Every structure is written in structure tokens, then in C-alpha cells.
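Following the working numbering, the numbering of the sequence shown begins with 6 at its first residue and continues without gaps.
Just so it is clear, CB atoms sit at the ideal spot from N, CA and C, and this is done for glycine as well.
Only a predicted model underlies this, so the values are computations on that prediction, with no experimental measurement involved.
Below is one structure, written out as C-alpha cells; comments come after it.
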Amino acid sequence: MHVLVTNDDGIFAPGILALESALRQTPGVKVSVVAPAENQSAVGHRKTLRDPLRIRPVTLSDGTPGHACSGSPADAIALALMGYIEEPVDIVVSGINQGANLAQDITYSGTVTAAMEAAIFGVPAVAISLDSYTEPAFEEAAAFAAYLAPIVARRGLPELTLLNVNVPLGTIKGVEVTRQGRRRYHDVLVRRIDPMGRPYYWIGGEAPTGDTE
Numbered sequence: 006m007h008v009l010v011t012n013d014d015g016i017f018a019p020g021i022l023a024l025e026s027a028l029r030q031t032p033g034v035k036v037s038v039v040a041p042a043e044n045q046s047a048v049g050h051r052k053t054l055r056d057p058l059r060i061r062p063v064t065l066s067d068g069t070p071g072h073a074c075s076g077s078p079a080d081a082i083a084l085a086l087m088g089y090i091e092e093p094v095d096i097v098v099s100g101i102n103q104g105a106n107l108a109q110d111i112t113y114s115g116t117v118t119a120a121m122e123a124a125i126f127g128v129p130a131v132a133i134s135l136d137s138y139t140e141p142a143f144e145e146a147a148a149f150a151a152y153l154a155p156i157v158a159r160r161g162l163p164e165l166t167l168l169n170v171n172v173p174l175g176t177i178k179g180v181e182v183t184r185q186g187r188r189r190y191h192d193v194l195v196r197r198i199d200p201m202g203r204p205y206y207w208i209g210g211e212a213p214t215g216d217t218e
């Protein structure tokens with residue numbers, strides 16, 4: 006089984022390292038890593054059409070080879086599946102993202118849209134996110150991804166379907182299959198003035214809350 010691994014936090018992020026390491030230790034699994042060279046969080050399903058894309062070989066911190074793409078997560082998947090990776094890919098696994106991808110957040114998430122790009126190409130895809138923005142404890146999520154990927158690759162998924170998996174911090178007690186919900190954001194626009202007298206803006210606000218459905 007050939008697994009293509011990507012993410013949106015960048016090819017040297019700890020989450021993708023944990024993911025590819027767990028997959029490599031799975032019997033019968035070959036792993037190829039093609040991911041953004043830099044952090045591409047919240048870029049959504051961006052495609053690079055007006056600039057050339059470049060890929061360079063890199064060595065991950067555990068000594069395994071990878072390929073760093075100058076573009077977005079979706080670019081990395083498109084390049085890989087259109088021929089940069091010559092061997093056919095059985096499944097794409099994107100992650101492990103630092104922080105959950107819930108509700109409408111998935112439209113912004115490079116982690117999820119990389120999996121979406123794979124689904125468009127007809128390749129089964131799973132996005133994996135850790136429900137913590139502060140604790141880089143990826144071991145449980147990586148182990149679950151390594152367990153899930155062969156099952157999905159073997160059974161397949163319906164056309165244009167991906168799995169968006171959010172893993173809690175700590176010990177996994179079970180699996181719940183659900184659908185995307187909604188989150189209510191309370192964003193504010195903050196206007197400030199730089200030393201040259203020019204205005205600039207920050208978009209921010211309170212943490213989102215969920216809607217009861």
C-alpha cells in the first residue's frame with residue numbers, strides 16, 4: 006500500500022513527522038511525503054496558477070526523505086498525483102494538524118482541503134487533526150491514522166468523499182462517526198495606524214462556540 010502524506014503546517018512540522026513515522030512502521034506500507042515548504046495554515050483550497058511551482062528534496066528530522074513544495078497543500082497533492090510521484094497512490098493522509106478542524110473551519114483548512122484535492126483526483130483521503138493548539142502530543146493521533154489508513158485504502162470511500170478525523174488529546178476511548186456541525190464566530194475588525202500614519206487591520210475576536218442542532 007502506497008500512502009501519500011502531506012499537511013498544511015509545513016514539511017518540518019512535528020505533526021507530519023509523527024504521522025509519516027507511524028505509517029512507515031505499519032507492515033506493507035510505503036510512504037511518500039510531499040508537503041508545503043512553509044506553514045500554509047488557513048490557506049483553504051488555494052491553487053497556484055500564475056506562478057511556477059517548485060519542489061526540492063529534503064530530509065526530515067528522523068532521516069527519511071521528503072519533498073518540499075513551494076505552493077499550498079492542494080498544490081502539493083496535485084503535483085504528486087499528476088506525476089511527480091511516479092508510483093500510484095492508494096490513499097492520501099493529510100496532517101497531523103495542530104488544532105481541530107470543525108464545522109466551517111474546514112473551508113479554510115489546508116489540512117482538509119489537501120484531502121479534498123485528493124478526493125477530486127479520485128484517491129481516498131483522510132485528514133487528521135489533533136484537538137490541541139498547545140500540546141504537541143501527536144502519538145495517539147499518529148497511531149490511529151496508521152490504523153485507519155489501511156482500512157480506508159482497502160475498502161475505499163464514496164466518490165468525492167473524504168474523512169475528516171479529529172483526535173482528542175490523550176487516550177482515545179472510542180470512535181464516533183458524525184457530520185459537520187456549525188460554529189458561531191464573534192469576529193471583530195481592529196484598525197490601527199503604523200508609524201508612517203497608514204492604517205492597517207487585524208481580524209480577531211472571541212473563541213468560537215458551537216451551535217446546538
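Find the nearest neighbour of residue 92 within the set 192, 156, 8 and 59, judged by alpha-carbon distance.
-> For the purposes of this step, residue 92 is identified with residue 87 of the sequence shown, where counting begins at 1. The option with the nearest alpha carbon to residue 92 is 8.
Reduced DSSP category for residue 26 - H, G, I as helix; E, B as strand; rest coil = By one-based count along the sequence shown, residue 26 stands at place 21. Secondary structure of residue 26 (DSSP, three-state): helix.
Is it buried or exposed for residue 66, if we count other Cβ within 10 angstroms and need 16 for buried?
-> Taking the sequence shown and counting its residues from 1, one reaches residue 66 at position 61. Answer is exposed; the Cβ neighbour count stays below 16.
Can you grab the Cα-Cα spacing for the pair residue 26 / residue 201, in whole Å?
-> Your numbering for residue 26 matches position 21 in the sequence shown. Your numbering for residue 201 matches position 196 in the sequence shown. Residue 26 and residue 201 have their alpha carbons spaced roughly 49 Å apart.
Would you please state the rounded distance, in angstroms, between the beta carbons of residue 130 and residue 96? I believe it to be under 8 Å.
-> One-based indexing of the sequence shown puts residue 130 at position 125. One-based indexing of the sequence shown puts residue 96 at position 91. Right, the Cβ-Cβ distance comes to about 7 Å (below 8 Å), so this counts as a contact.
Grab me the residues of residue 139's own chain with a C-beta within less than 8 Å of its C-beta, minus the 5 sequence neighbours each way, in chain order.
-> Taking the first residue of the sequence shown as 1, we reach residue 139 at position 134. Once the five neighbours on either side are set aside, residue 139 has no close Cβ partner at all.
Since residue 24 contacts residue 111 with CB under 8 Å, what's their CB separation in whole angstroms?
-> For the purposes of this step, residue 24 is taken as residue 19 along the sequence shown, with counting starting at 1. For the purposes of this step, residue 111 is taken as residue 106 along the sequence shown, with counting starting at 1. Going by Cβ atoms, the distance from residue 24 to residue 111 rounds to 18 Å, so no, they are not a contact pair.
Using alpha carbons as the reference points, say which of 117, 198, 194 and 199 lies closest to residue 211.
-> For the purposes of this step, residue 211 is taken as the residue at position 206 of the sequence shown. Across the set 117, 198, 194 and 199, the C-alpha of 194 shows the shortest separation from the C-alpha of residue 211.
Output the residue ranges of the beta strand (DSSP E) runs that lie fully inside the segment 160-193 and measure 3 residues or longer, sorted by chain position.
-> The DSSP assignment places complete beta strand (DSSP E) segments of no fewer than 3 residues inside the segment 160-193 at 168-172, in order along the chain.
Cβ-based neighbour list, residue 168, same chain, cut-off 6 Å, excluding 5 preceding and 5 following | Locating residue 168 in the sequence shown gives position 163, counting from the first residue. Within the same chain, 131 come within 6 Å of residue 168 by CB-CB distance, once the 5 residues on both sides are set aside.
For residue 78, which of helix, strand or coil comes out of DSSP?
-> On the sequence shown, position 73 is the one that residue 78 refers to. Helix, per DSSP.
Provide the residue(s) that pair with residue 102 in DSSP beta bridges, ordered along the chain.
-> As a position in the sequence shown, residue 102 is number 97, starting the count at 1. Answer by DSSP bridge pairing, in chain order: 134.
If you compare alpha carbons, which of 122, 170 and 173 is closest to residue 77?
-> Reading the sequence shown from its first residue, position 72 is the one you call residue 77. Residue 122 is the option with its Cα nearest to residue 77.
Cα-Cα, which of 159, 165 and 147 is closest to residue 19?
-> Looking up residue 19 in the sequence shown gives position 14. Out of 159, 165 and 147, 147 has the C-alpha closest to the C-alpha of residue 19.
Rounded to the nearest angstrom, how far is the Cβ of residue 38 from that of residue 71, given a contact under 8 Å?
-> On the sequence shown, residue 38 is found 33 positions in, with the first residue counted as 1. On the sequence shown, residue 71 is found 66 positions in, with the first residue counted as 1. Correct: roughly 4 Å between the Cβ atoms.
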